[in-house]
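A.B. asks: Following this message is one structure expressed as structure tokens.
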Amino acid sequence: MADGGVTAHQNQNPDGKNMLVIWRLCDSKPGHDRQSLGLVRALAEMTPVELVTLDVHDQRISPFHFLARQLPFAKDAPAPDLIIGAGSACQWPMLNVKRSRGGKTIYLMKPHIPLCFFDLCLIPRHDQATATPRSIVTDGVLNDIEPTSSQGNQGFILIGGPSDHYSWDQEHLIVQIRAILEADGAKLWVISDSRRTPAATREALQSLAGDNITFLGYQESTSNNVAAQLARSDVVWVSSDSVSMIFEAITSGAAVGAIEMPARRIDRITTIVADLSRRKQITKYADWRRGAELQAPARLAEADRCAAIILERWDPISRQLHASSAP
């Protein structure tokens, strides 16, 4: 996979073979970035890809640009075959790219505008998605995590923070983490927080560091570092509020536990942990305390599955990718 930025111009690789030109639109949000990157990497493993990555966060797309079929950025980049993006800030830029330069739009969330505006949407099951000719239902959001290669000597604890769906109980959180650490004192542990983690909780997590326990602050834990820690870990615990991190942990192939956090209400987000527990993909903390063992889940490779469907639906070598018909 070649990331050409906005300077890429070739539609063939050095061997003269046709390449799938992908424009990946980003909105400067790490979670959205990992979603689109995961799909692009999966596509690149299946077919030659030329990648143009564009940050559209500060781009201003006016109705005039759309109606006039004008694109105010990436004018020298090769015409896209696929236009991929995640996050509401990418929606209208994606449509403007399609109108002005062609290609198929693939949006990686449930859109705020009508589904029919996009050629394909990949929508998580918890967003009450229904499979249609223009949508694929996914187990969780896509990510760029690869299966673990751990030999079983590291555990990873990922902590989020209060959200619209979960409130925060620091005391109960620390009690749970201490119990997890004490239950397997011979294991090497890494604890990581996130941008949502309250400062007081971050300090409490830092105080847990010791001979076999390392604290990795979110300022240090880039997406690459998190992926590396997941690859080394055979056991991963994630606070229940962190849906994307839960699915990243499951995708890694590690045995995953969910740390309890108080839900503000019962809704589509707060029922995800219970649903995953019923499907034997994670173990809830309460069940673990009652003697349930954490077990590695069945392989979850949603980016690979979706990439295969996309390539089967739209032959990357044919001109069908540039057609305006529905997928």
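Taking the numbering used here, the leading residue of the sequence shown gets 1255, the next gets one more, and so forth.
Beta carbons are placed, not taken as given, at the ideal position from N, Cα and C, and that holds for glycine.
(1) Taking Cβ to Cβ, would you say Val1351 is nearer than 8 Å to Gln1408?
(2) Report the three-state DSSP secondary structure of Gln1266 (helix, strand or coil).
(3) Residues in its own chain within less than 6 Å of Ala1458 by CB, not counting five upstream and five downstream?
(4) Here's a check: name, in chain order, each residue in its chain whose Cβ is nearer than 8 Å to the Cβ of Lys1358, leaving out the five neighbours to either side.
(5) Flag this pair as yes or no: are the beta carbons of Ala1550 and Ala1509 separated by less than 8 Å?
(6) For Thr1261, count the other beta carbons within 10 Å of its own beta carbon; 16 or more makes it buried, fewer makes it exposed. Which is it?
(7) Taking the alpha helix (DSSP H) that Val1294 falls in, what are its first and last residues?
(8) Distance check for Glu1566 and Gln1460, CA to CA, integer angstroms please.
(9) Is it buried or exposed for Ala1557, if we count other Cβ within 10 angstroms and need 16 for buried?
(10) For Gln1264, does the count of other Cβ atoms within 10 angstroms reach 16, so buried, or fall short, so exposed?
(11) Which residues share a DSSP beta bridge with Trp1277?
(12) Out of Arg1278, Ala1331 and His1286, which one is the CA nearest neighbour of Leu1308?
(13) Does the pairing of the segment 1521-1528 with the segment 1430-1440 give three or more beta-carbon distances under 8 Å?
(14) Please report the distance separating the alpha-carbon of Ala1561 from that of Glu1425.
(15) So is His1380 buried or exposed if we call it buried at 16+ other beta carbons inside 10 Å?
(16) For Gly1414 and Asp1495, what's the separation of their Cα atoms in angstroms?
(17) Ser1421: buried (16+ other C-beta within 10 angstroms of its C-beta) or exposed?
(18) Tell me the start and end of each unbroken alpha helix (DSSP H) in the segment 1446-1532 that is at least 4 residues and wholly inside, in chain order.
(19) Closest to Gln1289 by C-alpha separation, out of Leu1376, Arg1553, Pro1347 and Pro1401, would be which residue?
(20) Quick one, are the C-beta atoms of Ile1563 and Ile1390 less than 8 Å apart?
(21) Can you check which of these residues, Asp1287, Glu1304, Lys1441 and Gln1430, is closest to Leu1274 by C-alpha distance?
(22) Are the CB atoms of Pro1378 and Gly1507 nearer to each other than 8 Å?
(23) Taking DSSP as the reference, what is the three-state secondary structure of Leu1362?
(24) Closest by CA to Asp1287, which one among Asp1398, Ile1367 and Asp1393?
C.D. replies: On the basis of the supplied data:
(1) no
(2) Confidence at Gln1266 is low in this model, with a pLDDT of 49, below 50, so its placement is unreliable and the value that follows should be read with caution. Strand, per DSSP.
(3) Ile1428
(4) Asp1335, Leu1336, Ile1337, Lys1352, Asp1373, Leu1374, Trp1568, Leu1575 and Pro1581
(5) yes
(6) Residue placement at Thr1261 is flagged as unreliable, the pLDDT there being 31, under the threshold of 50; the coordinate-derived value follows with that caveat. The residue is exposed, with fewer than 16 neighbouring Cβ atoms inside 10 Å.
(7) Pro1284 to Met1300
(8) 48 Å
(9) buried
(10) For Gln1264, the pLDDT reaches just 38, beneath the cut-off of 50, and the residue's location in the model is therefore unreliable, although a value from the coordinates is still provided. It counts as exposed.
(11) Val1306 and Ile1337
(12) Arg1278
(13) no
(14) 43 Å
(15) buried
(16) 6 Å
(17) exposed
(18) 1453-1460, 1477-1486, 1497-1506 and 1526-1532
(19) Leu1376
(20) yes
(21) Glu1304
(22) no
(23) coil
(24) Asp1398
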